[in-house]
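*Asks:* As numbered in full-length UniProt numbering, residues 1 to 84 make up the sequence shown, in order. Ideal placement from N, C-alpha and C gives every residue a C-beta, glycine not left out. Take a look at the following structure, please.
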Amino acid sequence: MAPDHMVIVFLPESTRLNDVMPRPQAKAPKALTPLLEIRNLTKSFDGQHAVDDVSLTIYKGEIFALLGASGCGKSTLLRMLAGF
1 MAPDHMVIVF LPESTRLNDV MPRPQAKAPK ALTPLLEIRN LTKSFDGQHA VDDVSLTIYK
61 GEIFALLGAS GCGKSTLLRM LAGF
């Protein structure tokens, strides 16, 4: 099954995903139910923020990419989502 749409997100330092990522539009009017929703997620190591106030929503059928510079918190965010 092909996805309805694709979202590519670049994670510049100190940018919240909801500020840069448009909400997906459904092809037919129907209620979109989030598959994953995160609000104001933060993680610090020794007082340094690795993930700072991240909010995002991923919908069923989306292809979601998490891109950013080395050390910007991508792996930390994914590990948090996985429960580590």
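Can you tell me whether G73 is buried or exposed? The criterion is at least 16 other CB atoms within 10 Å of its CB, across all chains shown.
*Replies:* Position 73 of the sequence shown, counted from the start, is the residue given in the question as residue 73. Buried.
*Asks:* What does DSSP give as the partner residue(s) for residue 132 in the beta ladder?
*Replies:* Within the shown structure, residues of the chain are numbered from 1 to 84, placing residue 132 beyond reach of any answer.
*Asks:* Just the Cα atoms here: how many angstroms apart are F45 and T33?
*Replies:* Reading the sequence shown from its first residue, position 45 is the one you call residue 45. Reading the sequence shown from its first residue, position 33 is the one you call residue 33. If I take the Cα positions, the gap works out to 33 Å.
*Asks:* Nearest-angstrom Cα distance between residue 126 and R39?
*Replies:* Outside the shown range of the chain (1 to 84) lies residue 126, about which nothing can therefore be said.
*Asks:* With DSSP collapsed to three states, give me the class of A82.
*Replies:* Stepping through the sequence shown from its first residue, residue 82 is reached at position 82. A82 falls in the helix class under three-state DSSP.
*Asks:* Around the C-beta of L78, are 16 or more other C-beta atoms found within 10 angstroms, so that it is buried, or is it exposed?
*Replies:* For the purposes of this step, residue 78 is identified with residue 78 of the sequence shown, where counting begins at 1. Under this definition L78 is an exposed residue.
*Asks:* Where does L32 fall in DSSP's three states?
*Replies:* As a working note, residue 32 is residue 32 in the sequence shown. Reduced to three states, the DSSP call for L32 is coil.
*Asks:* Ordered along the chain, which non-local residues of its own chain (more than five positions away) have a Cβ less than 8 Å from that of T42?
*Replies:* Start at 1 with the first residue of the sequence shown, and residue 42 comes out as number 42. Once the five neighbours on either side are set aside, the close Cβ partners of T42 are H49, V51, D52, D53 and V54.
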